[in-house]
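What follows is a short report on a single structure.
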Amino acid sequence: MRGLAGKVAIVAGGARGIGAATARRLAEEGASVVIGDLLVDQAQETAAAIMADGGQAIAVALDGTNAESQAAIVKAARDAFGGLDIYISNLAGGTDGDIDALNCPVEVLDKSFAINTKSHFLATQAALPAMLERGGGAMLYTSSGAATGGAPWQVAYPMTKNAIHALARHVASRWGKQGIRANAVCPGLVLTEAVKIHLTDEYVEKAQKGIPHTRLGQPEDLAAALTFLASDDGAWVNGQVWHVNGGAQMRD
Ligand SMILES: NC(=O)c1ccc[n+]([C@@H]2O[C@H](COP(=O)([O-])OP(=O)(O)OC[C@H]3O[C@@H](n4cnc5c(N)ncnc54)[C@H](O)[C@@H]3O)[C@@H](O)[C@H]2O)c1
């Protein structure tokens with residue numbers, strides 16, 4: 000993809016799963032990558048694997064819900080690689096106890112918003128000044144098909160993910176003239192380790208049969224979309240929410 004060689008990217012929530020695949024793909028395309036995660040050991044393993052393949056990567060401890068931690072990872076990108084061009088805000092969590100609106104404890108709602116919405120806001124506050132200094136950059140947010148699917152079994156997670164769409168559109172419209180692009184990507188069911196441990200074989204088989212594709216998603220499918228949006232090939236995509244899901248939901 001065009002325009003990634005020499006760029007500097009942060010992948011928040013990049014230790015494993017979709018984030019790790021995106022870090023690998025960005026590095027393959029020539030970007031230097033800063034991987035931030037609570038799972039520092041796994042983030043270091045991912046960075047080491049990228050380096051072993053000839054790429055540039057470092058790992059940094061990140062709590063995305065904390066403004067100082069977000070500022071520190073942007074500083075780490077500047078110190079290690081000279082600036083920041085791309086921030087992939089991919090982390091998520093905190094969904095235990097998230098059931099229907101009458102039974103989801105308010106503490107679960109608050110925790111979900113802290114991890115799945117506030118972290119992306121703080122990432123934006125930390126990253127934008129560094130990108131504006133470089134004349135622009137790409138903010139990318141990982142949302143979910145759950146934002147638009149309508150599900151009877153969970154309330155907080157879809158609410159938190161919808162908020163990211165508003166954030167992406169705000170950033171795109173406010174700073175587009177200054178070279179910033181902001182987009183969100185909604186994965187369908189992707190067989191990452193974090194997801195697989197919750198699914199039975201029967202569920203996976205039924206999910207696969209239920210989508211108009213030959214298979215369910217792999218982390219690399221999302222990495223490809225996110226990397227495209229971060230690249231110059233995605234230069235005219237701004238303020239959009241892309242569903243990458245094998246056709247599971249078909250949306251305008
Ligand atoms: N896998 C799927 O089927 C699927 C579907 C829809 C959306 N998504 C979204 O895609 C993204 C990645 O999902 P995944 O399946 O790779 O999950 P994952 O759990 O493997 O990756 C999320 C990463 O975020 C990290 N993280 C969580 N809280 C953090 C915090 N406060 N600070 C820093 N790091 C933190 C985790 O340690 C983990 O490494 C998430 O935003 C998820 O909501 C995934």
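Going by numbering that gives the first Met the number 0, the first residue of the sequence shown is number 0, and it counts up by one from there.
Here a beta-carbon is modelled for each residue, glycine too, at the ideal position from N, C-alpha and C.
#### Entry: Residue nearest to Val39 in terms of C-alpha spacing, selected from Ala19, Ala30, Gly53, Gly54
In the sequence shown, counting from the first residue as 1, residue 39 sits at position 40. The candidate whose alpha carbon is nearest that of Val39 is Ala19.
#### Entry: Helix, strand or coil at Gln239 according to DSSP, with G and I counted as helix
By 1-based counting over the sequence shown, the position of residue 239 is 240. Three-state result, Gln239: coil.
#### Entry: Within 7 Å, strictly: CB atoms of Ala155 and Ser118
Position 156 of the sequence shown, counted from the first residue, corresponds to residue 155. Position 119 of the sequence shown, counted from the first residue, corresponds to residue 118. By the CB criterion at 7 Å, Ala155 and Ser118 fall outside the cutoff.
### Query
Can you name, in chain order, every residue of its own chain whose Cβ lies under 6 Å from the Cβ of Ala183, other than the five neighbours on each side?
Numbered from its first residue, the sequence shown carries residue 183 at position 184. So the qualifying residues of the chain are Tyr140, Ser142, Ile163, His164, Ala167, Val240.
### Query
So, Ala11 versus Leu90, is the Cβ gap smaller than 7 Å?
Locating residue 11 in the sequence shown gives position 12, where the first residue counts as 1. Locating residue 90 in the sequence shown gives position 91, where the first residue counts as 1. Yes, the Cβ-Cβ distance between Ala11 and Leu90 is below 7 Å.
### Task
Look up Ile179 in the DSSP assignment and give the residues it is bridged to.
Taking the first residue of the sequence shown as 1, we reach residue 179 at position 180. Paired residues: Gly136.
### Task
Just mark Ile57 as buried or exposed, buried being the case when its beta carbon has 16 or more other beta carbons within 10 Å.
Here residue 57 refers to the residue found at position 58 of the sequence shown. The residue in question, Ile57, is buried, as its Cβ has 16 or more Cβ neighbours within 10 Å.
### Message
Taking the straight line between their C-alpha atoms, what separation do you get for Val170 and Leu188?
### Response
Locating residue 170 in the sequence shown gives position 171, where the first residue counts as 1. Locating residue 188 in the sequence shown gives position 189, where the first residue counts as 1. Distance between the alpha carbons of Val170 and Leu188 is about 27 Å.
### Message
Looking at the secondary structure, which residues open and close the alpha helix (DSSP H) in which Ser111 lies?
### Response
Mapped onto the sequence shown, residue 111 falls at position 112. Judged by DSSP secondary structure, Ser111 falls within the alpha helix (DSSP H) whose first and last residues are 105-112.
### Task
Give me whichever residues DSSP pairs with Pro186 in a beta bridge.
Residue numbering aside, residue 186 sits at position 187 when the sequence shown is read from its first letter. BP columns for Pro186 point to Val243.
### Message
Once DSSP output is grouped into helix, strand and coil, what is the label at Gly209?
### Response
Taking the sequence shown and counting its residues from 1, the one referred to as residue 209 is at position 210. If DSSP states are grouped into helix, strand and coil, Gly209 belongs with coil.
### Task
For Ser143, verify whether its CB is less than 6 Å away from any heavy atom of ligand 1.
Stepping through the sequence shown from its first residue, residue 143 is reached at position 144. Yes; taking the cut-off as 6 Å, the Cβ of Ser143 has a heavy atom of ligand 1 nearer than that.
#### Entry: Expected contact under 8 Å - CB spacing of Arg24 and Ile49 to nearest Å
The sequence position of residue 24 within the sequence shown is 25, counting from 1. The sequence position of residue 49 within the sequence shown is 50, counting from 1. Rounded, the Cβ-Cβ distance is 10 Å, inconsistent with contact.
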